[in-house]
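This report concerns only the one structure given below.
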Amino acid sequence: MQPFTTLTAVAAPLDLPNVDTDRIIPARFLAKPRGAPGYARFLFHDVRFEADGAEQPEFVLNRAAYRGAKILVTAENFGCGSSREMAVWALEAWGIRAVIAPSLGDIFHQNCFKNGLLPVILPAAAAAGLRSQLHARPGATLTVDLEAQTLTAPDGARHRFEVDPFRKQMLLTGQDEVALTLGHEGAIAAFERRLASGAPWLVPQAGG
Amino acid sequence: MASAAPRTMFEKIWARHVVTEGPGGHVLLYVGRHLLHEGATGALGRLAAEGRRVRRPDLTFATADHFLPTAPGAVATDPEIVGMVDGLARHTGAQGIVYFGVGDPRRGIVHVIGPEQGLTLPGTTLVCGDSHTATHGAFGALAFGIGSTEVEHVLATQTLWQTKPRALRVAVEGRLGPGVTAKDVILALIARIGAAGGVGHAIEYAGSTIRAMSMDERMTVCNMSIEAGARTGMVAPDETTFAWLEGRPFAPRGEAWARALADWATVPSDPGARFDREVALAAGDVAPTVTWGTSPQDALPITGRVPDPAAAGDPARRASMARALAYMGLRPGTPLGEIAVDRVFIGSCTNSRLEDLRAAARVVRGRRAVVPAWVVPGSGLVKRAAEAEGLDRVFVEAGFEWREAGCSMCVGMNGETAREGERVASTSNRNFEGRQGKGARTHLVSPAMAAAAAVAGRFVDVRTLGG
Chain A
18 MQPFTTLTAV
28 AAPLDLPNVD
38 TDRIIPARFL
48 AKPRGAPGYA
58 RFLFHDVRFE
68 ADGAEQPEFV
78 LNRAAYRGAK
88 ILVTAENFGC
98 GSSREMAVWA
108 LEAWGIRAVI
118 APSLGDIFHQ
128 NCFKNGLLPV
138 ILPAAAAAGL
148 RSQLHARPGA
158 TLTVDLEAQT
168 LTAPDGARHR
178 FEVDPFRKQM
188 LLTGQDEVAL
198 TLGHEGAIAA
208 FERRLASGAP
218 WLVPQAGG
Chain B
12 MASAAPRTMF
22 EKIWARHVVT
32 EGPGGHVLLY
42 VGRHLLHEGA
52 TGALGRLAAE
62 GRRVRRPDLT
72 FATADHFLPT
82 APGAVATDPE
92 IVGMVDGLAR
102 HTGAQGIVYF
112 GVGDPRRGIV
122 HVIGPEQGLT
132 LPGTTLVCGD
142 SHTATHGAFG
152 ALAFGIGSTE
162 VEHVLATQTL
172 WQTKPRALRV
182 AVEGRLGPGV
192 TAKDVILALI
202 ARIGAAGGVG
212 HAIEYAGSTI
222 RAMSMDERMT
232 VCNMSIEAGA
242 RTGMVAPDET
252 TFAWLEGRPF
262 APRGEAWARA
272 LADWATVPSD
282 PGARFDREVA
292 LAAGDVAPTV
302 TWGTSPQDAL
312 PITGRVPDPA
322 AAGDPARRAS
332 MARALAYMGL
342 RPGTPLGEIA
352 VDRVFIGSCT
362 NSRLEDLRAA
372 ARVVRGRRAV
382 VPAWVVPGSG
392 LVKRAAEAEG
402 LDRVFVEAGF
412 EWREAGCSMC
422 VGMNGETARE
432 GERVASTSNR
442 NFEGRQGKGA
452 RTHLVSPAMA
462 AAAAVAGRFV
472 DVRTLGG
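So this is what it looks like as structure tokens:
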């Protein structure tokens, strides 16, 4: 996994609440392998492109000032709905490395951490304030410092954010989580022995 | 070992699955059941590429549902889809995982067949790479959806690193009126607390209304927890649960069944257990419900009208309502009962079980569908059971298509989609923009309301249809 430490980049504002993962990547692209050519094009496909494939000029990521954005500042419940991790893969393929929101869909939130994409939860007023600064100054940059847990707005204001210390460490180092967990092999095996004697009914005996 | 403080069902199940504690409140949580569908082929492939084995193939079960077509006799032809489905068969074979595959009558929607096969058990943890995994919470299991990387982690370790969500108790009290169903209850709840209302929470559904529900109904309620933002939702196991599970193919038998029952009796929340939040809903206030917008929270009684964005106080809400109405092609003030539908879909992990099909058939019997209408049973076994009761004849004689089991038009990833601008009365769970096809307009309803829309050609209050 790609580590995340600090990032100074153009941020794009997305004002709609409840942007679901179907909108982030429509279902018909889900059979495409990760990293397939043109994967970035699937991102927000049906709102980013017209039926003839031309760009929808109003969509924020199509506007010149935001084309190099690496940060999205969104409204409540971004990434709700389907568990499809391809939503994160599409954001990443396009170049997004951090998503800032008042709240995120729970599964999307976890999927971000697993792919080196930093999710930042800010109070709704602070997120709205950031979005209005980004609208007022298209192409303005934000700085996110994961180690310090701070975010610096275009107006210079510094916001502190909370992040799970375990997830923070994993992001900073880009560590393989499976390898980490397999380091607890002894504890898992001991748990399984307890389970086998305490709840033997859990393991299906018959072949159905 | 007696515990001092009363505990919630969630806390009990959580505590008994903690393998070890990690930093920052994380625990390594053991997974009792891992269900796979063809979307897991990628994770299985990555695992194999890393030379890792599936740790507990005996606790892992697979089926194919999302990407397969459901037209009778149809087979997948898209090479990427064929690759996923064949890959699932190959990997599960190599890893010794039971696979309910193509041609197996037990194949079906993963959240229908888990319970049907007796794989979903009270007091256990269950995960699946699908957001509607909370369906299994109807049995008093801690069940939640996970992403693809997490699927790989569970395959390799049978565990997940998790932090404890907050506890939300939803109490539904009273009797549901005629024509009012579990689907209407969950839509009314989501409308009440909002699509983000349950973010970061585990929901326990309680109260006399829930207690009186069948397992099929409880599954419908738990299924849509994610539409309220909650990754998991659950109902305390009781005699209804045990009676439903007994004798299922993979359920415990004999002495193991007796031991399991003794254990499951300890699972429900203790009296006086503390929840971080409580929401009360009166069953008598719930009416047959229809969604009008592009979020499941946009739900109203069928007797209502399309709301006016101008009446919303919050400018952001006003903008999102206006966008939803533009997408849906609806004008404020239109009575919901005057909206014409182009197509009806009865199916999905929310509403494709035998009781759902019976409820739809009761409305359809002796009438004719006036728009294209599909019935997609949740599993091969649901289909068989429905046919044994003659439900297929009722649907076919009324002009409905009777199809093979699968996710079909709920997910729109199997080629089964509505056309741009088409308005669909759907028993599924998501009315998102493009969910049922690019530009398709989805209205979420119960099976009875979907059947009523099919025969009326518009939304209609099922209570006024009679018969």
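Protein sequence lines, in the order shown, are assigned to chains A and B.
Residues in the first sequence are numbered from 18 upward in steps of one, following the numbering used here.
Residues in the second sequence are numbered from 12 upward in steps of one, following the numbering used here.
C-beta atoms are modelled at their ideal positions from N, C-alpha and C, and glycine is treated no differently.
Annotation for residue 367 (chain B): the continuous alpha helix (DSSP H) segment containing it runs 365–375.
Inclusion of residue 301 (chain B) and residue 191 (chain B) in the CB contact set at 9 Å is not warranted, their separation being larger than that value. Closest by C-alpha distance to residue 98 (chain B), out of A:202, A:41 and A:48, is A:48. Among the CB atoms of chain B, one or more fall inside 9 Å of the CB of residue 44 (chain A). At a Cβ-Cβ threshold of 9 Å, residue 352 (chain B) and residue 435 (chain B) count as neighbours.
The residue among A:150, A:196, A:187 and A:59 with its C-alpha nearest the C-alpha of residue 174 (chain A) is A:150. Where residue 424 (chain B) is concerned, there is no enclosing alpha helix (DSSP H), because DSSP gives it neither an H nor an E. DSSP assignment within the segment 20–80 of chain A yields the following whole alpha helix (DSSP H) runs of 4 residues or more, N-terminal first: 38–41 and 62–65. Residue 25 (chain A) and residue 57 (chain A) have their C-alpha atoms roughly 21 Å apart. In this structure, residue 343 (chain B) sits away from residue 370 (chain B), with a CB-CB distance that is not shorter than 9 Å. Under the Cβ criterion (8 Å, minimum of three pairs), the segment 257–265 of chain B does not count as touching the segment 217–234 of chain B. For residue 210 (chain B), the chain A residues whose Cβ falls inside 7 Å of its Cβ are 94, 120 and 123, in order along the chain. Burial check for residue 152 (chain A): the Cβ neighbour count within 10 Å stays below 16, so the residue is exposed. Rounded to whole angstroms, the gap between the alpha carbons of residue 324 (chain B) and residue 76 (chain A) is 26 Å.
A Cβ of chain A is located within less than 9 Å of the beta carbon of residue 237 (chain B). Below the 8 Å Cβ cutoff, chain B contributes 39, 164, 167, 168, 170 and 172 as neighbours of residue 198 (chain A), in chain order.
Taking a 10 Å sphere around the C-beta of residue 444 (chain B), we find 16 or more other C-beta atoms and assign the residue as buried. Spanning the alpha carbons of residue 87 (chain B) and residue 43 (chain A) requires a straight line of approximately 19 Å. Measuring C-alpha to C-alpha distances from residue 135 (chain B) to each of B:23, B:107 and B:94 identifies B:23 as the nearest. Spanning the alpha carbons of residue 108 (chain A) and residue 122 (chain A) requires a straight line of approximately 15 Å. At a cut-off of 4 residues, the continuous stretches assigned as alpha helix (DSSP H) that sit fully inside the segment 260–298 of chain B are 265–275. Under a criterion of Cβ atoms nearer than 7 Å, no residue of chain A is adjacent to residue 126 (chain B); the nearest Cβ is some 14 Å distant. The three-state secondary structure of residue 130 (chain B), taken from DSSP, is coil. Contact annotation: the segment 412–427 of chain B does not touch the segment 149–158 of chain B, with fewer than three C-beta pairs closer than 8 Å. Three or more beta-carbon pairs separated by less than 8 Å are not found between the segment 265–279 of chain B and the segment 159–178 of chain B, which leaves the two stretches without contact. At a C-beta separation below 8 Å, residue 393 (chain B) has no neighbours in chain A, since its nearest C-beta there lies roughly 17 Å away. In this structure, DSSP gives residue 360 (chain B) a state outside helix and strand, which the three-state scheme calls coil. Look at the beta carbons and you see the segment 116–123 of chain B touching the segment 387–401 of chain B: at least three pairs across the two are nearer than 8 Å. Following the DSSP letters along the chain, one finds residue 395 (chain B) inside the alpha helix (DSSP H) bounded by residues 391–399. Around residue 219 (chain B), no beta-carbon contact reaches into chain A at under 7 Å, the shortest distance being about 29 Å. Among the residues facing chain A, residue 422 (chain B) is included, as its CB has a counterpart in that chain under 9 Å away. Along the length of the segment 139–204 of chain B, whole alpha helix (DSSP H) runs at least 4 residues long occupy 159–168 and 193–204, reported in chain order. In the DSSP assignment, residue 201 (chain A) falls outside any alpha helix (DSSP H), carrying neither H nor E. Using beta-carbon distances, residue 55 (chain A) does not count as an interface residue toward chain B, since no partner is under 9 Å. The alpha-carbon separation between residue 257 (chain B) and residue 178 (chain B) amounts to approximately 30 Å.
When C-beta distances to chain A are compared with 7 Å, the residues of the segment 133–148 of chain B below that value are 135, 140, 141 and 142, in chain order.
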